[in-house]
Amino acid sequence: MKILSAYSPDYLKSVFSIIRMLPSLHIGSKNYHSLFPRKAGVILYITNRCNSRCVMCNHWKQYPKQDLSVKVIESLFNSHSVNKDGFLIEGGEGLLHPHFKEIMELFKGKRFTLLTNGVLTDRLLNLVKDYKIPSVSISLDGPPSTYKRIRGIDAYNDVLKTIELLRDKTNLAICITLMPWNTYEDYVHIKKICAERNLRLLPNIFSKMEFMGAKEKEDLIDVRFEKIDDTYVNLYNDWVEGKLVIPCFSMRFLTIIRPNGDVVLCQYKDIVLGNLYERAFGDIWNDEKTKSIQKAQRFCNNCWVSSHRAFDMKFTLLLKKILPLNLFNKFINIL
222 MKILSAYSPD YLKSVFSIIR MLPSLHIGSK NYHSLFPRKA GVILYITNRC NSRCVMCNHW
282 KQYPKQDLSV KVIESLFNSH SVNKDGFLIE GGEGLLHPHF KEIMELFKGK RFTLLTNGVL
342 TDRLLNLVKD YKIPSVSISL DGPPSTYKRI RGIDAYNDVL KTIELLRDKT NLAICITLMP
402 WNTYEDYVHI KKICAERNLR LLPNIFSKME FMGAKEKEDL IDVRFEKIDD TYVNLYNDWV
462 EGKLVIPCFS MRFLTIIRPN GDVVLCQYKD IVLGNLYERA FGDIWNDEKT KSIQKAQRFC
522 NNCWVSSHRA FDMKFTLLLK KILPLNLFNK FINIL
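One rule links them: number in the working numbering = place in the sequence shown (from 1) + 221.
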């Protein structure tokens, strides 16, 4: 470790961020954990209702329709094991939850992101205005013909209208999923839309997730994607070809809650840790069984889901930056 680098504010910030994460990695004494309790960011699938007919997801086909109760969501805010500023709200289409306004009341004043298809323009605009939704990500996977082929509905112009009306009212980003049904040219189209409006572009890559009914196998993407400024995208083909293995840290800091109340290990694997209609989140998250499952899966490397792998890459690179190689290897092996 370079001694002089310890005087760098960025270096010290990185070291402190590692220290704060140690409880989630199950490292440290009980006294240490009382100072830095183990907390989880939450991806909250509040409903499987959806007004799109996407080819890569079957939420819209799923029955019965399930809506996570407001009471269960409220209990999450009362849990000391939840990062209150770490929520991502999804569906289906979250706006179709019968009690979405009540849910927004719970989140008012919190930092969170709403992921939406952007089809319900007026409803979304009113919700952002009334509840001061701080961050919105809208899915858009290509121009009109591509959009209709992938999303199963002719709503490209509606989404573009939503983007135009919303971009100055919240922290707006556009999410594009790279998949077998769109192309590099579709990505360039979306990139141009973002550049013209000074919006963030968030690339995602299709992954075969059982929960969403995705059955298409992960495959190589256009090599031109390897040149864009996004490490998560750049390294995807290396992972598909078996050239890249990255430890899975994210399952220690992030969890998934489904519309039926199931708390699951990650986006990819259908490993249920518990159900919020039966047990409190803190009891599930801090259960020794949960910790043992997380530890057993730490070298999984079976997916390239952006909500997990993007974090795993950044964390791995950070560790390698601040730790000598021998300490890095020891650190990984004791997790």
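Idealized CB from N, CA, C, for every residue including glycine.
**Message:** With H, G and I counted as helix, E and B as strand and the rest as coil, what does DSSP make of Cys275?
**Reply:** Taking the sequence shown and counting its residues from 1, one reaches residue 275 at position 54. Of the three classes helix, strand and coil, the one that applies to Cys275 here is coil, per DSSP.
Report task. Determine, using beta-carbon pairs with one atom in the segment 398-408 and one in the segment 505-525, whether at least three such pairs fall under 8 Å. Result -> no
Complete runs of the beta strand (DSSP E) confined to the segment 360-438 [at least 3 residues] = 392-399 and 421-426
On the criterion of 16 or more Cβ atoms from any shown chain inside 10 Å, does Ser513 qualify as buried, or is it exposed?
Within the sequence shown, residue 513 is the residue found at index 292, counting from 1. Under this definition Ser513 is an exposed residue.
The segment 277-297 touching the segment 260-268, judged by at least three CB pairs closer than 8 Å | yes
State the start and end residues of the unbroken beta strand (DSSP E) segment that holds Tyr352. As a position in the sequence shown, residue 352 is number 131, starting the count at 1. Unbroken run through Tyr352 is the alpha helix (DSSP H), Thr342 to Tyr352; no beta strand (DSSP E).
task: Report the partner residues of Asp533 according to the DSSP bridge assignment.
output: On the sequence shown, residue 533 is found 312 positions in, with the first residue counted as 1. Paired residues: none, contrary to the question.
Assuming Asn304 contacts Gly262 under a Cβ cut-off of 8 Å, what Cβ separation, rounded to an integer in Å, is found between them?
The sequence position of residue 304 within the sequence shown is 83, counting from 1. The sequence position of residue 262 within the sequence shown is 41, counting from 1. At roughly 5 Å, the Cβ-Cβ gap stays under 8 Å, so Asn304 and Gly262 are in contact.
field: Reference Trp281, options Phe308, Ile374, Val293 and Asn347, closest by Cα
entry: Position 60 of the sequence shown, counted from the first residue, corresponds to residue 281. Residue Ile374 is the option with its Cα nearest to Trp281.
_Run of the beta strand (DSSP E) containing Ala261, from where it starts to where it stops_ = As a working note, residue 261 is residue 40 in the sequence shown. From DSSP, the beta strand (DSSP E) with Ala261 extends over Ala261 to Tyr266.
Original post:
Taking just the CA atoms, how far does Gly339 sit from Phe549?
Top reply: Along the sequence shown, read from residue 1 onward, the residue named residue 549 stands at position 328. Along the sequence shown, read from residue 1 onward, the residue named residue 339 stands at position 118. Straight-line Cα distance between these residues: approximately 43 Å.
*asked:* Determine whether the beta carbon atoms of Cys271 and Gly312 lie at a separation below 8 Å.
replied: Looking up residue 271 in the sequence shown gives position 50. Looking up residue 312 in the sequence shown gives position 91. Yes, these two residues count as a Cβ contact at 8 Å.
Euclidean distance between Cα positions of Glu385 and Asn547:
Along the sequence shown, read from residue 1 onward, the residue named residue 385 stands at position 164. Along the sequence shown, read from residue 1 onward, the residue named residue 547 stands at position 326. Computed Cα separation, rounded: 51 Å.
Considering only C-alpha positions, which residue in the set Tyr377, Phe532 and Val276 is nearest to Pro468?
Translated into positions along the sequence shown, residue 468 becomes position 247. Taking only the C-alpha atoms, the option nearest Pro468 is Phe532.
Per-residue burial, Leu441 [other beta carbons within 10 Å of its own, 16 or more giving buried]: By one-based count along the sequence shown, residue 441 stands at place 220. Exposed, by the Cβ-count rule.
- Message: Rounded to whole angstroms, what is the Cα-Cα separation between Arg418 and Asp351?
- Response: Along the sequence shown, read from residue 1 onward, the residue named residue 418 stands at position 197. Along the sequence shown, read from residue 1 onward, the residue named residue 351 stands at position 130. Distance between the alpha carbons of Arg418 and Asp351 is about 24 Å.
_Between the alpha carbons of Ile477 and Glu431, how many angstroms are there, rounded?_
In the sequence shown, the residue the question calls residue 477 occupies position 256. In the sequence shown, the residue the question calls residue 431 occupies position 210. Computed Cα separation, rounded: 14 Å.
I'd like to know whether the C-beta atoms of Leu327 and Glu295 end up nearer to each other than 8 Å. Looking up residue 327 in the sequence shown gives position 106. Looking up residue 295 in the sequence shown gives position 74. Result yes, Cβ atoms of Leu327 and Glu295 sit closer than 8 Å.
Exercise. Is it true that the CB of Ile426 sits closer than 8 Å to the CB of Ser358?
Worked result: Position 137 of the sequence shown, counted from the start, is the residue given in the question as residue 358. Position 205 of the sequence shown, counted from the start, is the residue given in the question as residue 426. Cβ atoms of Ser358 and Ile426: not closer than 8 Å.
- Query: How would you call Tyr228, buried or exposed, if buried means at least 16 neighbouring beta carbons within 10 angstroms?
  - Reply: Taking the first residue of the sequence shown as position 1, residue 228 is located at position 7. Because the pLDDT at Tyr228 is just 44, under 50, the model does not fix this residue reliably, and the value given afterwards should be weighed accordingly. Answer is exposed; the Cβ neighbour count stays below 16.
Return helix, strand or coil for Asp558, following the three-state DSSP convention. The structure shown does not extend to residue 558, since the chain spans only 222 to 556, so no value can be given for it.
message: For Gly463, count the other beta carbons within 10 Å of its own beta carbon; 16 or more makes it buried, fewer makes it exposed. Which is it?
response: Mapped onto the sequence shown, residue 463 falls at position 242. So Gly463 ends up on the exposed side.
**Q.** Simplified DSSP state of Ser358, which is helix, strand or coil
**A.** Position 137 of the sequence shown, counting from 1, holds the residue named residue 358. Strand.
To which residues of the same chain is Tyr457 closer than 7 Å at the C-beta, ignoring the five residues directly before and after it? For the purposes of this step, residue 457 is taken as residue 236 along the sequence shown, with counting starting at 1. Around Tyr457: Ile426, Ile442 and Trp525.
Secondary structure of Gly339, DSSP reduced to three states:
Counting from 1 along the sequence shown, the entry for residue 339 is found at position 118. If DSSP states are grouped into helix, strand and coil, Gly339 belongs with coil.
Worksheet item: What's the C-alpha gap between Lys510 and Ser366?
Response: Along the sequence shown, one-based indexing puts residue 510 at 289. Along the sequence shown, one-based indexing puts residue 366 at 145. When rounded, the distance between both Cα atoms is 48 Å.
Check your understanding: Going by Cα to Cα distance, which pick from Lys382, Lys542, Gly434 and Asp362 is closest to Tyr408?
Key -> Taking the first residue of the sequence shown as 1, we reach residue 408 at position 187. That would be Asp362, whose Cα lies nearest to the Cα of Tyr408.
Margin query: Using C-beta distances below 6 Å, list every residue in its chain close to Asn496, excluding the 5 sequence neighbours before and after it, in chain order.
Written below: Position 275 of the sequence shown, counted from the first residue, corresponds to residue 496. Excluding residues within five positions, the ones whose Cβ falls inside 6 Å are Gly482 and Asp483.
Tell me which same chain residues have a C-beta within less than 6 Å of the C-beta of Tyr498, skipping the five on either side of it?
Here residue 498 refers to the residue found at position 277 when the sequence shown is read from its first residue. Correct list, in chain order: Gly482.
What is the rounded straight-line gap between the Cα of Ile411 and the Cα of Thr383?
Against the sequence shown, residue 411 aligns to sequence position 190. Against the sequence shown, residue 383 aligns to sequence position 162. Roughly 15 Å separates the two Cα atoms.
Could you pull out every residue in the same chain whose Cβ sits closer than 6 Å to the Cβ of Glu323, ignoring the five residues on either side in sequence? As a first step, residue 323 must be located in the sequence shown, where it is residue number 102. So the list reads Val291, once near-sequence residues are dropped.
Quiz item: Going by beta carbon distance, what residues of the same chain come within less than 6 Å of Arg421, once the five residues before and after it are set aside?
Solution: As a working note, residue 421 is residue 200 in the sequence shown. Closer than 6 Å at Cβ, skipping near neighbours: Ala394.
Per DSSP, what are the beta-bridge partners of Tyr333 in this structure?
Sequence index remark: in the sequence shown, residue 333 carries index 112 (1-based). According to the sequence displayed, residue 333 carries Phe and not Tyr. According to DSSP, Phe333 bridges with Phe308.
request  = Could you have a look at Asn507 and say whether DSSP puts it in helix, strand or coil?
outcome  = The residue you call residue 507 lines up with position 286 of the sequence shown. Asn507 falls in the coil class under three-state DSSP.
Would you kindly work out how many angstroms separate the C-alpha atoms of Arg479 and Cys275, rounded to a whole number? Here residue 479 refers to the residue found at position 258 of the sequence shown. Here residue 275 refers to the residue found at position 54 of the sequence shown. Cα to Cα, the separation comes out at about 19 Å.
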